[in-house]
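Mapping of the sequence shown onto the UniProt record's numbering: position 14 corresponds to residue 14, and the numbering continues sequentially without gaps.
Virtual Cβ for every residue (Gly too), placed ideally from N, Cα, C.
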Amino acid sequence: MELRHLRYFVAVAEERSFTRAAQRLHIAQPPLSRQIQQLEQLLGAQLFERNSRPLKLTETGRFFYQHAAQLLAQMDELESMARRVGKIERSLSVGFVGSTLYGMLPKIIRRYRQLHAEVELSLHEMSTMDQIAALKEGRIDVGFGRIRLDDPGIRRVVLREERMIVALPLGHPLCEAKAALSLRDLLKETLIIFPKSPRPSYADQVLAAFHDRALKPSRVLETRELQIALGLVAAGEGVSIVPKSVYGLKRDDIAYKDLDDDKLVSPIIMSMRMLDESEDIERMLRLIYDLYDEGAMEYQAPGDRAGKPPQA
Ligand code: BEZ
Numbered sequence: 001m002e003l004r005h006l007r008y009f010v011a012v013a014e015e016r017s018f019t020r021a022a023q024r025l026h027i028a029q030p031p032l033s034r035q036i037q038q039l040e041q042l043l044g045a046q047l048f049e050r051n052s053r054p055l056k057l058t059e060t061g062r063f064f065y066q067h068a069a070q071l072l073a074q075m076d077e078l079e080s081m082a083r084r085v086g087k088i089e090r091s092l093s094v095g096f097v098g099s100t101l102y103g104m105l106p107k108i109i110r111r112y113r114q115l116h117a118e119v120e121l122s123l124h125e126m127s128t129m130d131q132i133a134a135l136k137e138g139r140i141d142v143g144f145g146r147i148r149l150d151d152p153g154i155r156r157v158v159l160r161e162e163r164m165i166v167a168l169p170l171g172h173p174l175c176e177a178k179a180a181l182s183l184r185d186l187l188k189e190t191l192i193i194f195p196k197s198p199r200p201s202y203a204d205q206v207l208a209a210f211h212d213r214a215l216k217p218s219r220v221l222e223t224r225e226l227q228i229a230l231g232l233v234a235a236g237e238g239v240s241i242v243p244k245s246v247y248g249l250k251r252d253d254i255a256y257k258d259l260d261d262d263k264l265v266s267p268i269i270m271s272m273r274m275l276d277e278s279e280d281i282e283r284m285l286r287l288i289y290d291l292y293d294e295g296a297m298e299y300q301a302p303g304d305r306a307g308k309p310p311q312a
């Protein structure tokens, strides 16, 4: 059996059509069909139900698909790892979700550049989901995201659980109501969430926080990104639940309030390829823990100014 048999089979199984699989593989359909027939002969088993539309896998086909897809993912990983090992100059490509820019990411990058000037660092904004694909394809070496996505090829480290806070338009009655708000206090407001896509995202963590407490916001407004959500809050369109580090982004038209439940958190997760034991990545991890130990993440909480929200 050749690697090409696996690639062709996986494409047909995923597309559930010979025509679409042939387009995806940039080959004609007759040779594709011949390769699949050859594979079935080699295995002595049928992989697709005959005459099913869309194409359906047989039981053997489903078993074979699971293992073939895993093998191909490992092959891709091996390829990108080998390229990385063979590189003469050292480089580290970092993927990150936008909200981590308000936390420690800028400090981490600055410190890393200071300490390891010989490593060429590049930064790429992308969703947590895109980070997984980019890691496997070797487009990035480390990802910082917020969603726990399981993948056998990816190692994940939860760096910290970040508290969520509420962003309110300045002068909103809830600004003066009490020191810390509960989700229940927000039910009558329009809840502005982000990012709208791709999902799952931080938006789902916020929605799950309500759902897990048997609460339902009366109106939800989905926006593309954090900055737009904050702009809409400032315009009085609603309230938004944001990671606490966003508080550092002080605006004079928004007030931030703590939430009264310490389970309302969003993790910051570092992801890397399972087999990547590169020293550059281990250095990055050590540097992050050093910064945590130095208290780099400590900032004034929303309610810290004599129990009042800032600028309220
Ligand atoms: C943090 O805020 O803790 C953080 C942000 C980005 C990468 C790593 C850590």
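- Message: For the ligand BEZ, I want to know if Thr100 counts as a neighbour, meaning its beta carbon is within less than 7 Å of at least one of the ligand's heavy atoms.
- Response: yes
- Please go through the same chain and pick out, in chain order, the residues whose beta-carbon is closer than 6 Å to the beta-carbon of Asp293, but skip the five residues on each side of it. Cβ neighbours of Asp293 beyond the five flanking positions: none.
- Item | Under 8 Å between C-beta atoms of Glu79 and Gly153 | no
- Coil, strand or helix - Gly95 by DSSP: strand
- Got a sec: does the ligand BEZ put a non-hydrogen atom nearer than 7 Å to the Cβ of Gly103? yes
- Three-state secondary structure assigned by DSSP to Ile140: Looking at Ile140 - three-state DSSP - the assignment turns out to be coil, as it is neither helix nor strand.
- Query: Does the pairing of the segment 90–107 with the segment 26–38 give three or more beta-carbon distances under 8 Å?
  - Reply: Counting Cβ pairs under 8 Å, fewer than three are found: no touch.
- Between the Cα of Met1 and those of Leu42, Ser17 and Gln37, spot the shortest distance and give me the residue it belongs to. Leu42
- Item | Ala312 versus Arg20: straight-line alpha-carbon distance, rounded | At Ala312, the pLDDT of 30 sits below 50, so the modelled position is not reliable and the matter cannot be decided from this model.
- So what does Leu123 bridge to, in DSSP terms? Val94
- Item | Span separating the alpha-carbon of Ala208 from that of Ala11 | Straight-line Cα distance between these residues: approximately 34 Å.
- My guess is that Ile254 and Leu186 are in contact by the Cβ rule of under 8 Å, so how many angstroms apart are they, rounded? About 15 Å separates the beta carbon of Ile254 from that of Leu186, a gap too long to meet the 8 Å contact definition.
- Would the beta-carbon of Ser33 be found less than 7 Å away from any heavy atom of the ligand BEZ? no
- Nearest to Ser218 (by Cα), restricted to the options Arg4, Glu189, Arg83 and Leu123: The residue from Arg4, Glu189, Arg83 and Leu123 with its alpha-carbon nearest to that of Ser218 is Glu189.
- Message: Could you tell me the alpha carbon to alpha carbon distance between Asp212 and Phe18, rounded to whole angstroms?
- Response: 43 Å
- Tell me whether Phe144 counts as near the ligand BEZ, meaning its Cβ is closer than 7 Å to at least one heavy atom of that ligand. yes
- Task: Compute the minimum distance between the beta carbon of Met297 and the heavy atoms of the ligand BEZ, and state whether it is under 7 Å.
- Result: yes
- Query: Among Arg24, Met164 and Glu15, which one has its Cα closest to the Cα of Phe48?
  - Reply: Glu15
- Reducing DSSP to helix, strand and coil, say where Met164 ends up. strand
- Item | Alpha-carbon spacing of Pro267 relative to Arg53, whole angstroms | 43 Å
- Item | Residue interval of the alpha helix (DSSP H) (run including Ser33) | Gln29 to Leu43
- Query: Under the criterion of a Cβ to heavy atom distance below 7 Å, does Ile193 qualify as lining the ligand BEZ?
  - Reply: Taking 7 Å as the cut-off, the C-beta of Ile193 does not count as close to any heavy atom of the ligand BEZ.
- Task: State the start and end residues of the unbroken alpha helix (DSSP H) segment that holds Pro106.
- Result: Leu105 to Leu115
- What are the start and end residues of each continuous beta strand (DSSP E) run of 3 or more residues lying completely inside the segment 174–241, in chain order? Taking only runs of at least 3 residues, the beta strand (DSSP E) segments lying wholly in the segment 174–241 are 190–193 and 219–222.
- Candidates Asp280, Ser271 and Leu291: which alpha carbon is nearest Ala133's? Of the candidates Asp280, Ser271 and Leu291, Ser271 places its Cα closest to the Cα of Ala133.
- Item | Proximity test, Ile268 beta-carbon vs the ligand BEZ heavy atom, cut-off 7 Å | yes
- Query: What is the DSSP secondary structure of Ile254, reduced to helix, strand or coil?
  - Reply: DSSP places Ile254 in strand when its eight states are reduced to three.
- By how many angstroms is the C-alpha of Ala22 removed from the C-alpha of Tyr247? If you draw a straight line from the Cα of Tyr247 to the Cα of Ala22, it is about 51 Å long.
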